[in-house]
Amino acid sequence: MLAHDKTIRRRLHIKACATEIVEGFVKGDLLVGSRHRVQCWLESVPPIPRRACGGYTSSIVALAAMLRISQPELNTLRQYAEQTYPEECCGVLLGRTDSETNHVLAVVPVENVAAAATRGTRYQIAPEELIRVQRTAREQELEIVGFYHSHPEHAAQWSQSDWDEAHWTGCSYVITSVRKCSDDEKIVRAQSGETRSFRLSNIGAAKQFAEEEIVHDAV
Ligand SMILES: [Zn+2]
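Numbering-wise (our numbering), the sequence shown opens with residue 1352 and increments by one.
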């Protein structure tokens, strides 16, 4: 999975769900936290021999990515997924970036302008709409920290088209799974399921989606 590259040997890939990797990496040292904390830890230990790293090799990449969002904003995002079912919803997340944390302060829904026949499995944001949202963000002294969309009747896992069309490095790509929950043919009801977030890093050959923890801020 990871390249055997000495140049990135001392970089560590850390997020909440990677804790077990780290625990296996160096028993007793639990590495969850900011990049600063990770770097401090790295300075305190000698280079780790490859043989000690199990199947992960020593080329683990440092990233303690996290998405912070209030519960109401998260609920709003999930409700959009239900409202647009069986089509995908989409929108932009505005906020601020602090170290490795993307703080969401506003959820901005936008129209899915993908071809009508494909909206159940694709989303597309019109470029002019994105410019408008970006201008609004600037006026509020916020920045675009991520995007969200839904996966009707599919898991909250990024798809090939999500991968191909993701270009905003450092942004969080949030996906909510939404499934039909009513058999009533007149009124289609859907319910959001799992919501996950993936941080985009790098472009080109090193492009990567890494799952990050979603932290629900208390209001
Ligand atoms: Zn998708």
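From the three backbone atoms N, C-alpha and C, an ideal C-beta is built for every residue, glycine too. Treat the numbers as computed from the prediction; the structure is a model and nothing was measured.
{"Query": "Let me know if Val-1566 comes out buried or exposed under the rule of 16 or more other beta-carbons within 10 Å of its beta-carbon.", "Result": "exposed"}
{"Query": "Can Gly-1497 and Leu-1444 be called in contact, C-beta distance under 7 angstroms?", "Result": "yes"}
{"Query": "For Asn-1426, does the three-state DSSP call read helix, strand or coil?", "Result": "helix"}
{"Query": "Leaving out the 5 sequence neighbours to the left and right, which residues in its chain are closer than 8 angstroms to Gly-1555 when beta-carbon positions are compared?", "Result": "none"}
{"Query": "Helix, strand or coil: which one does DSSP assign to Tyr-1436?", "Result": "coil"}
{"Query": "Could you tell me the distance, in whole angstroms, from the CA atom of Arg-1470 to the CA atom of Asn-1553?", "Result": "27 angstroms"}
{"Query": "So does Ser-1510 have its beta carbon nearer than 6 angstroms to some heavy atom of ligand 1?", "Result": "yes"}
{"Query": "Specify whether the segment 1505 to 1515 and the segment 1534 to 1542 touch according to this definition: at least 3 beta carbon pairs, one from each stretch, less than 8 angstroms apart.", "Result": "no"}
{"Query": "Answer yes or no: the CB of Asp-1513 versus the heavy atoms of ligand 1, is any distance below 6 angstroms?", "Result": "yes"}
{"Query": "Look at Ser-1548 and Thr-1527 and say whether their C-beta atoms are less than 7 angstroms apart.", "Result": "no"}
{"Query": "Mapping DSSP to helix, strand and coil, what is Leu-1481?", "Result": "helix"}
{"Query": "Considering only residues of the segment 1496 to 1569, which uninterrupted beta strand (DSSP E) runs meet the minimum length of 3 residues and lie entirely inside it, listed in chain order?", "Result": "1523 to 1531, 1541 to 1552, 1559 to 1568"}
{"Query": "For Ala-1472 and Arg-1483, I'd like the C-alpha separation in whole angstroms.", "Result": "Reading off the sequence shown, one finds Thr at residue 1472, where the question assumed Ala. Each residue's Cα considered, the two are about 25 angstroms apart."}
{"Query": "Given that a residue counts as buried once 16 or more other Cβ atoms are within 10 Å of its Cβ, and exposed if not, what is Thr-1520?", "Result": "exposed"}
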